[in-house]
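Worksheet for the structure shown next.
Number of protein chains: 4
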Amino acid sequence: MIEGKETVIKTRVLRHGVVGGGTGSFIGDVHRKAATFDGKSELLAGCFSRDWDVTKQTGQMLGLDSQRLYKTFQEMALAEGTRGDGIDYVSICTPNYAHYEIAKIFLQQGIHVVCDKPLALTVAQGEELADLAQRNDLLFCVTYAYSAHPLLCQAREMIRRGEIGEIRVVVGEYPQGWLADNLEDTGQRQATWRTDPKMAGISNCVGDIGSHIEHTVYFLTGLKIKSLCANLTAFGEGRELDTNAEVLVRLENGATGSYWCSQVAIGNDNGLRVRIYGTKGAIEWEQENPNSMKVTFANEPVQIYGRGSGYLYPEASELSRIPSGHPEGYYTAFANLYNAFISALIKKQAGLTLTTKDLDFPNVHDGIQGIKFIHACVDSSKQGAVWVNL
Amino acid sequence: MIEGKETVIKTRVLRHGVVGGGTGSFIGDVHRKAATFDGKSELLAGCFSRDWDVTKQTGQMLGLDSQRLYKTFQEMALAEGTRGDGIDYVSICTPNYAHYEIAKIFLQQGIHVVCDKPLALTVAQGEELADLAQRNDLLFCVTYAYSAHPLLCQAREMIRRGEIGEIRVVVGEYPQGWLADNLEDTGQRQATWRTDPKMAGISNCVGDIGSHIEHTVYFLTGLKIKSLCANLTAFGEGRELDTNAEVLVRLENGATGSYWCSQVAIGNDNGLRVRIYGTKGAIEWEQENPNSMKVTFANEPVQIYGRGSGYLYPEASELSRIPSGHPEGYYTAFANLYNAFISALIKKQAGLTLTTKDLDFPNVHDGIQGIKFIHACVDSSKQGAVWVNL
Amino acid sequence: MIEGKETVIKTRVLRHGVVGGGTGSFIGDVHRKAATFDGKSELLAGCFSRDWDVTKQTGQMLGLDSQRLYKTFQEMALAEGTRGDGIDYVSICTPNYAHYEIAKIFLQQGIHVVCDKPLALTVAQGEELADLAQRNDLLFCVTYAYSAHPLLCQAREMIRRGEIGEIRVVVGEYPQGWLADNLEDTGQRQATWRTDPKMAGISNCVGDIGSHIEHTVYFLTGLKIKSLCANLTAFGEGRELDTNAEVLVRLENGATGSYWCSQVAIGNDNGLRVRIYGTKGAIEWEQENPNSMKVTFANEPVQIYGRGSGYLYPEASELSRIPSGHPEGYYTAFANLYNAFISALIKKQAGLTLTTKDLDFPNVHDGIQGIKFIHACVDSSKQGAVWVNL
Amino acid sequence: MIEGKETVIKTRVLRHGVVGGGTGSFIGDVHRKAATFDGKSELLAGCFSRDWDVTKQTGQMLGLDSQRLYKTFQEMALAEGTRGDGIDYVSICTPNYAHYEIAKIFLQQGIHVVCDKPLALTVAQGEELADLAQRNDLLFCVTYAYSAHPLLCQAREMIRRGEIGEIRVVVGEYPQGWLADNLEDTGQRQATWRTDPKMAGISNCVGDIGSHIEHTVYFLTGLKIKSLCANLTAFGEGRELDTNAEVLVRLENGATGSYWCSQVAIGNDNGLRVRIYGTKGAIEWEQENPNSMKVTFANEPVQIYGRGSGYLYPEASELSRIPSGHPEGYYTAFANLYNAFISALIKKQAGLTLTTKDLDFPNVHDGIQGIKFIHACVDSSKQGAVWVNL
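Chains as they are written, first to last, in numbering that gives the first Met the number 0: chain A, 0 to 389; chain B, 0 to 389; chain C, 0 to 389; chain D, 0 to 389.
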């Protein structure tokens with residue numbers, strides 16, 4: 000058992016608002032808990048649903064001032080952007096189709112943004128948001144939360160230092176099984192919007208989970224995809240959007256890779272797993288067992304790194320709150336993401352210059368890259384799974 | 000991915016105070032985060048250390064009103080017990096030796112208590128606390144947090160329903176490796192107090208982690224230990240207290256068992272693992288992988304149950320906040336414990352009658368049973384590891 | 000512990016010869032041990048190497064009659080085909096390039112054949128061998144030994160009975176790490192011939208291990224590949240042949256899949272793993288842990304099937320020699336393959352009609368399919384990883 | 000993939016006889032296959048059962064000369080001890096009660112012995128066999144086959160070299176579940192003799208599997224048990240012999256330990272697992288996954304050693320026949336044991352002096368130690384699980 004970690008001293012608690020995440024959304028509760036986890040942010044305003052009753056009910060449950068519950072996100076952006084004690088930042092956790100419009104209006108009001116992925120439905124939308132954020136000098140975080148796991152940060156640091164050599168092969172997968180049956184026919188909310196092109200956009204499976212593979216590999220290696228070849232299939236009778244995809248990728252340094260994501264792979268929950276092979280070693284990590292990581296150097300025994308262990312780099316250690324052996328998980332990763340964003344915002348509001356390290360969270364450009372990936376996959380597949388450049 | 004869960008509607012946010020858990024304590028931060036996790040409790044007062052500077056610093060970090068920071072726990076109990084908006088309940092997360100005195104004074108002030116285990120140093124102390132709590136009609140929770148993991152509750156429910164038959168054999172272990180070297184010589188805080196009889200009491204290893212085995216097996220099976228035979232060893236030069244213990248147990252129904260806990264088992268972090276064998280089936284669970292559980296019925300394949308899955312009993316499902324595949328961990332178990340306690344307290348304060356289910360959290364009587372276990376182990380070992388009755 | 004299994008009564012011990020497998024070959028010893036494992040075959044003749052000294056030395060070590068050691072395989076085929084007590088069947092375990100010529104001459108001499116994969120370098124060669132075998136009424140086994148593991152036979156049987164529904168997605172991989180460095184530069188024998196196009200043919204990695212994925216998936220599902228898209232890379236400076244390949248496949252029933260094989264994936268030994276997803280369930284098996292298998296039906300817990308368990312189908316049970324919990328492995332799988340071949344040959348020589356079940360071992364047609372797969376992969380990759388039909 | 004291993008050159012094939020192991024015995028077939036695995040021994044004579052029909056049938060199945068099938072082991076010992084081409088050694092694989100008498104008469108006839116464990120029913124019997132073997136200058140191997148696994152030999156070598164420091168704690172377990180029900184009531188042969196004191200002796204569970212824990216720990220550490228405290232229970236209605244046992248041990252160097260064996264632990268097959276904790280590191284190995292081993296040095300990541308890997312000591316490497324990644328198992332361990340015994344016997348018959356390394360297989364003294372352990376466990380338990388010295 001190692002020494003514990005304290006929450007560092009804070010100057011001011013940030014004012015937080017949320018769009019989306021009303022009743023029936025699990026991710027909304029995750030956002031709210033993660034944002035307040037380290038005591039630096041307080042939820043004050045929300046438009047939790049297009050259904051005003053849901054918003055009122057959610058707001059009441061959360062003890063919010065009824066004056067700061069809003070019928071529409073537009074109304075909320077204007078009101079909060081105007082009042083003196085308006086929110087510092089907003090979190091967007093609605094179905095995909097709405098991200099762009101919501102982010103846009105809050106950015107226009109000078110409010111910083113945390114947005115679920117995929118950032119937007121088109122690259123043009125994404126770039127418009129990036130421009131807006133830059134012009135208005137606003138922080139923008141996209142919630143690729145997995146990359147905030149301590150051991151993934153250890154892996155990235157090891158790769159940066161060249162410990163596994165030049166990257167040759169990347170293998171990523173994200174199998175789920177929850178859509179093996181047509182669950183949307185039962186009215187289940189998550190299944191309904193994800194399988195509906197009007198809500199989810201041009202892709203379901205690649206957009207929802209394939210994009211996590213793309214981001215995680217990029218996060219670890221810093222290597223962009225040069226071209227890809229994707230085979231998307233809409234398993235499940237009558238479905239319009241993909242529920243399974245196999246993708247071959249070629250990275251900018253000559254490495255090759257294969258990604259597989261599926262929502263019809265019975266026996267899997269959220270099996271995100273990445274394997275990175277270099278000339279000198281290899282790293283393997285699984286989202287469902289985030290407290291350990293497999294590291295192998297050529298001709299040596301496989302090693303199992305443990306989160307919270309003394310031999311980790313500071314970049315990983317500082318993301319652990321509790322000693323090794325006490326499992327951390329999804330909430331703490333999400334909280335790490337929020338903590339990075341909130342810390343940067345506090346520093347920014349204090350008039351300090353933000354360093355690269357301060358800004359080390361997935362941002363609007365990562366979000367755009369994600370949209371490009373999704374579009375490239377869909378384009379490739381539509382043409383018969385041919386290679387397309389990114 | 001299943002539907003998410005919301006925090007339920009609350010009537011009033013409870014007022015919370017903490018004794019202990021200043022800088023360098025990891026468990027203090029866990030208590031504070033767990034207590035506020037579901038938004039039903041707010042930290043308002045604290046005496047975080049015997050060192051006034053540490054308390055001030057911690058209080059400032061947490062944004063507390065400096066009027067509600069206290070130099071001594073006695074002062075805190077009196078002040079908070081007197082003021083109209085005083086704390087509803089206090090959490091005690093100090094080294095073991097202080098639990099009794101602190102709990103006592105807060106109970107005397109009519110303040111409900113959440114206390115770390117071991118509850119006290121002697122059974123007499125424990126029973127005094129139990130009497131006090133009962134006389135003053137106060138809730139008392141002892142933080143055996145592991146038993147708040149959803150899958151352990153599933154296991155308990157399965158055992159209660161007789162699904163694995165009559166219990167025959169129980170096997171429990173809790174290996175750690177952090178005290179393989181004499182870490183206390185470096186001044187490391189956790190190691191220092193745990194290996195010091197003045198702070199830890201009559202036992203280090205059994206008291207700290209062996210007692211978790213005892214509680215977990217009891218929690219699962221409802222079976223008390225009739226007699227035990229314990230071999231405690233103080234590995235590590237110059238140590239006075241045990242760092243390793245093997246314990247044989249005989250349970251009240253005729254089942255037998257063996258428990259092993261160690262702080263010198265290199266390669267282990269917090270390896271709490273329990274295996275329960277009945278006439279019809281078996282259940283196995285590990286604290287470090289709390290999101291899955293091994294269940295086997297005679298002559299059938301081993302099954303791996305997953306937290307958050309649809310086939311679980313309500314008793315388990317209602318303790319999951321996020322869908323299966325998104326790992327929950329130590330914080331969520333601790334938050335489940337606090338949620339049970341807080342929900343009961345809210346209901347109690349609303350004047351409602353508490354049911355057995357409302358009171359389904361480890362209480363002062365579980366704490367006393369833990370002290371008895373620790374004392375029996377030490378007694379047995381001192382006599383050469385002979386059998387002693389509990 | 001279940002009842003053991005006896006070797007069944009045999010009528011005559013078959014006479015066995017071997018080509019290849021001299022000093023430095025691990026597979027030669029495996030063939031010899033597997034062929035004699037069940038006591039129905041005796042090694043009598045051999046041409047173990049192109050190096051006569053190696054053949055003499057190997058033959059002496061094995062206690063063979065020096066009259067039945069041969070300088071060339073041609074000489075051996077003629078001599079053994081002529082003498083009255085000549086070998087009943089020959090095993091071919093040389094580098095790939097020689098399989099065809101050797102198999103051809105033995106078939107011409109009326110000798111049954113067991114041949115390593117890949118069967119030959121071209122489809123034409125393979126078909127010539129198939130014709131020859133048919134015309135001369137000879138048995139021909141290709142040593143895809145993995146498919147003789149009991150649990151893979153259980154899986155096939157479950158799939159045949161429709162227990163996991165219609166197959167949707169197949170995922171196969173076979174990572175190794177032994178060629179991450181240019182091991183052939185040290186003169187290591189296995190590395191030398193496999194990376195040399197003159198000995199290995201048009202492919203190294205796909206030919207050596209990718210073909211095992213192809214066969215295993217076909218063995219399990221009975222589904223042929225309609226088209227594929229393969230990206231082969233020759234990682235390792237100066238190498239001409241592939242050491243890594245990603246392959247997308249479309250199966251004849253509309254299922255899709257992805258295969259990955261690699262010899263530069265540090266941290267892996269012989270990581271053959273197949274995952275088959277159907278509309279009702281899923282099956283997953285790994286060659287390195289062949290005594291257990293993951294089976295999941297929709298909305299149920301994952302199940303772990305154990306080799307030798309009472310709940311398996313006869314098709315799997317009859318391939319186990321020892322009770323569950325006593326690990327079987329590579330030798331027993333290889334012995335199962337030989338046992339199937341030898342049993343069929345004994346029955347054939349006894350003048351009995353062979354049933355489909357008698358002939359249930361990988362044969363020359365499976366071998367041809369393997370060559371087609373390898374060629375399709377190479378063709379696809381040369382054209383830039385486009386889709387090609389098989 | 001590393002270079003393969005050849006069988007070394009042999010001078011003469013040893014003549015082998017077997018007592019026991021007729022129809023229904025799985026271990027008989029294992030003995031026979033293991034003895035011939037490396038081509039240095041040939042089975043020529045047998046008395047496979049007390050039932051003459053079974054012996055004849057087994058002998059015919061194995062193609063033995065009917066002249067060398069015997070109605071009684073006495074007859075066999077006398078005949079084989081007399082004839083010029085009599086067997087060099089005999090393997091004894093009968094139920095426990097018969098080991099002593101059979102071993103004795105073969106030793107008296109000057110025939111070397113391989114005997115299943117437990118060696119005999121009493122220490123006196125064991126010592127008589129040891130004396131006889133010594134007086135007649137005969138080799139005597141007791142089939143603790145698990146200790147012939149390559150990675151256990153690696154572990155022993157690491158411990159001998161002090162790599163994990165002074166041993167502090169040992170933890171051993173061997174859970175099985177096959178006797179959770181009263182299987183003997185069905186007439187199942189293995190269950191019937193093992194639960195019958197007339198056939199199995201004074202103990203079932205400790206004798207059958209507990210003794211494997213004792214031997215494995217001794218094999219690894221070289222440390223004898225000074226005293227122990229055992230709690231044996233005969234779960235299963237009407238049973239006279241133990242089916243579960245918990246044992247505390249104190250080793251000669253001051254280390255402590257706990258062993259647990261069970262035949263009623265549903266969900267387990269042959270779960271032999273040993274964990275050895277020293278002052279500097281720890282080693283953990285499981286019989287069901289013998290191709291890998293967990294090694295941890297203080298404050299370093301856990302390492303997974305793989306059988307057949309280049310970084311192993313020669314003592315381990317030389318016991319591997321095939322490269323890492325091709326699983327070896329129960330047969331190869333058993334064959335390693337026979338190979339050690341046979342190699343020593345060949346050398347001895349060649350008039351060469353045997354070194355300690357030549358004699359590095361479990362012998363009659365290990366067998367006696369096993370009997371002492373069993374008796375001590377039974378004695379301790381009968382007295383109420385008190386400590387008894389060995």
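Just so you know, even glycine gets a beta-carbon here, dropped at the ideal spot from N, CA and C.
Leaving out the 5 sequence neighbours to the left and right, which residues in its chain are closer than 6 angstroms to residue i when beta-carbon positions are compared?
i	result
P94 (chain A)	W192, M198
S261 (chain B)	P174, N243
E183 (chain D)	A190, T191, T194
M75 (chain D)	C46, Y69
Please report how far the alpha carbon of residue i lies from the alpha carbon of residue j, in whole angstroms.
i	j	result
L42 (chain A)	G58 (chain A)	10 angstroms
A144 (chain D)	N362 (chain A)	59 angstroms
V246 (chain C)	D268 (chain B)	41 angstroms
G280 (chain D)	L219 (chain D)	14 angstroms
E283 (chain C)	R272 (chain C)	7 angstroms
E79 (chain A)	G85 (chain A)	4 angstroms
E2 (chain A)	G307 (chain A)	Low per-residue confidence applies at E2 (chain A): pLDDT is 40, beneath 50, and the placement is therefore not dependable enough to give any value.
C376 (chain B)	G328 (chain A)	35 angstroms
Q382 (chain A)	N181 (chain C)	39 angstroms
A254 (chain C)	S380 (chain A)	15 angstroms
L389 (chain C)	S226 (chain C)	6 angstroms
Q368 (chain C)	L106 (chain C)	20 angstroms
G266 (chain C)	P300 (chain A)	8 angstroms
G209 (chain B)	I321 (chain A)	20 angstroms
Return the chain-ordered list of same chain residues with a C-beta closer than 7 angstroms to the C-beta of residue i, the five sequence neighbours on each side being excluded.
i	result
A154 (chain A)	L219, I282, W284, M292
Q73 (chain A)	I104
Can you pull the chain B neighbours of residue i, defined as C-beta to C-beta under 9 angstroms?
i	result
Q66 (chain C)	Under the 9 angstroms cutoff, chain B gives no residues; its nearest Cβ is about 54 angstroms from Q66 (chain C).
Taking Cβ-Cβ distances shorter than 8 angstroms, what residues in chain B pair up with residue i?
i	result
I101 (chain C)	Simply none; closest approach about 44 angstroms.
What in chain C is Cβ-close to residue i, meaning under 9 angstroms?
i	result
N298 (chain B)	S308, G309, Y310
Q302 (chain B)	E299, P300, V301, Q302, I303
So which residues of chain D does residue i contact, with C-beta pairs closer than 7 angstroms?
i	result
D268 (chain B)	Those within 7 angstroms of D268 (chain B) in chain D number zero; the least Cβ separation is about 10 angstroms.
N230 (chain B)	L247, T255
F372 (chain B)	Correct list: empty, because the minimum Cβ distance to chain D is about 17 angstroms.
V168 (chain B)	N243, S261, V263, A264
Exercise. Should the segment 117-128 of chain D be called in touch with the segment 60-75 of chain D, which here means at least 3 C-beta pairs below 8 angstroms?
Worked result: no
Problem set entry | Segment contact, 8 angstroms Cβ cut-off, at least three pairs: the segment 15-26 of chain B with the segment 80-93 of chain B | yes
For this session: Could you pull out every unbroken beta strand (DSSP E) segment of at least 3 residues lying fully inside the segment 215-248 of chain B, listed in chain order?
Result: 224-232
Exercise. Do the segment 367-376 of chain B and the segment 207-224 of chain B meet, that is, are 3 or more Cβ pairs less than 8 angstroms apart?
Worked result: Contact holds: three or more Cβ-Cβ distances are below 8 angstroms.
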